[in-house]
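Novice: Just so you know, the protein sequences line up as chains A and B, in that order.
Under my numbering, the first residue of the first sequence carries the number 317, and numbering increases by one thereafter.
Under my numbering, the first residue of the second sequence carries the number 317, and numbering increases by one thereafter.
Ideal placement from N, C-alpha and C gives every residue a C-beta, glycine not left out.
As the structure is a computational prediction, the values presented were derived from the model and not from experiment.
Protein chains: 2
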Amino acid sequence: MRADMLTSILKQLNGTSAEIEASGVISTDGLMMAAELPQSLDEDRVGAMSAAMLSLGSRTAQELDRGHMDQVLIKGEKGYVLMTQAGQDAVLTVLAKPNAKLGLIFLDVKRAAQSIQELI
Amino acid sequence: MRADMLTSILKQLNGTSAEIEASGVISTDGLMMAAELPQSLDEDRVGAMSAAMLSLGSRTAQELDRGHMDQVLIKGEKGYVLMTQAGQDAVLTVLAKPNAKLGLIFLDVKRAAQSIQELI
């Protein structure tokens, strides 16, 4: 099952670092394809916010001559949201704690996005 | 003149790194307060996209339990857009080249945002 394989990639990603709290694969129209979220987070909300940020981020990148968008990172006082394109049709959204080492997270997330892209 | 002092902070910021291409201080409602942009970039466009990203980024941070938003980073194939809160009323938007060293840029931009916050 492809959904099981996506979930397996997300479980592995969440396991690479104690600072990764949640992850999900979302179609570019905002529907959840696979998710490993804590109970406190609603799948639909993560999907909707990811799709909205992706859409506006893409437009911003184009309007400001940054070309095709690869990633959006939001830093809040209580942690990070990192959205990464996984091919044309999906985005990998990851939530991390405020003390996360961004260099490591970027690396692990990039690898996971690559695996997801190959699968979809 | 406060506008001159803001422009001076931006000139200094753009001078810290050859990878910083442009910077601007924008009110939270999207109006430009000071800008050091290349001719190819329109002030109104930078202002509007910054305000829109800031608004959606804040909402995303809140909806996904990341608290108050500090920064949004967009990575495109042709470079970065980094938006940083400079106090309650303004945002510092910086455009950087794709080969920029993010750690250095984050540091310089944080300092500039602090100076802007104290000035406004």
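Could you give the residue range of the alpha helix (DSSP H) that holds LYS426/B?
Specialist: 418-435
Novice: Would LYS426/A count as contacting chain B if we go by Cβ distances under 8 Å?
Specialist: So no, LYS426/A is outside the interface.
Novice: What does MET385/B touch in chain A if you count any residue whose Cβ is under 9 Å from its own?
Specialist: ILE390, LYS391, GLY392, GLU393
Novice: What is the residue span of the alpha helix (DSSP H) that MET369/B lies within?
Specialist: 359-379
Novice: Once the 5 residues before and after ILE432/B are set aside, which same chain residues still bring their CB inside 8 Å of it?
Specialist: LEU322, ILE325, VAL341, ALA402, GLY403, ALA406, LEU408
Novice: By Cβ distance, which residues of its chain are closer than 7 Å to LEU435/A, with the 5 residues on each side in sequence left out?
Specialist: Excluding residues within five positions, the ones whose Cβ falls inside 7 Å are ARG318, MET321, LEU322.
Novice: In whole angstroms, give me the CA-to-CA distance for PRO354/B and PRO354/A.
Specialist: 45 Å
Novice: Using a Cβ cut-off of 7 Å, which residues of the region 397-423 of chain B contact any Cβ in chain A, in chain order?
Specialist: VAL397, LEU411
Novice: Could you check whether the Cβ of THR344/B sits closer than 8 Å to any Cβ belonging to chain A?
Specialist: no
Novice: Can you give me the C-alpha to C-alpha distance between LYS417/B and ALA416/A, rounded to a whole angstrom?
Specialist: Rounded to whole angstroms, LYS417/B and ALA416/A show a C-alpha spacing of 18 Å.
Novice: Which residues bound the beta strand (DSSP E) around ALA406/B?
Specialist: 406-412
Novice: Does the beta carbon of SER300/A come closer than 8 Å to any beta carbon on chain B?
Specialist: With chain A represented from 317 up to 436, any question about residue 300/A goes unanswered, as that position is not in the structure.
Novice: Identify the contact partners of LEU372/B in chain A, using a Cβ-Cβ distance below 7 Å as the criterion.
Specialist: ALA368, MET369, LEU372
Novice: Considering Cα atoms alone, identify which of ASN330/B, THR332/B, GLU337/B, ALA377/B is closest to LEU380/A.
Specialist: Nearest of ASN330/B, THR332/B, GLU337/B, ALA377/B to LEU380/A, Cα basis: GLU337/B.
Novice: Please tell me whether GLY363/A and GLY346/A are closer than 8 Å, where the distance is taken between their beta carbons.
Specialist: Contact check for GLY363/A against GLY346/A passes: the beta carbons are separated by less than 8 Å.
Novice: At the 8 Å Cβ level, is GLU379/B part of the contact set with chain A, yes or no?
Specialist: yes
Novice: In this structure, how does DSSP classify LYS327/A when only helix, strand and coil are distinguished?
Specialist: helix
Novice: Which word fits SER339/B, buried or exposed, when buried means at least 16 other C-beta atoms lie within 10 angstroms of its C-beta?
Specialist: buried
Novice: Am I right that LEU357/A and ALA428/A are in contact with their C-beta atoms under 8 Å? What's the rounded C-beta distance?
Specialist: Not a contact, Cβ separation roughly 18 Å.
Novice: How many angstroms separate the CA atom of ALA372/B from the CA atom of MET365/A?
Specialist: Here the sequence assigns Leu to residue 372/B, which means Ala is not the residue at that position. Roughly 8 Å between the two C-alpha positions.
Novice: Closer than 8 Å, CB to CB, is THR376/B near chain A or not?
Specialist: yes
Novice: Starting from LEU389/B and walking both ways along the beta strand (DSSP E), at which residues does that stretch end?
Specialist: 385-392
Novice: For a test of the three-state rule: what should DSSP assign to ALA338/B, helix, strand or coil?
Specialist: Residue state, collapsed to three classes: strand.
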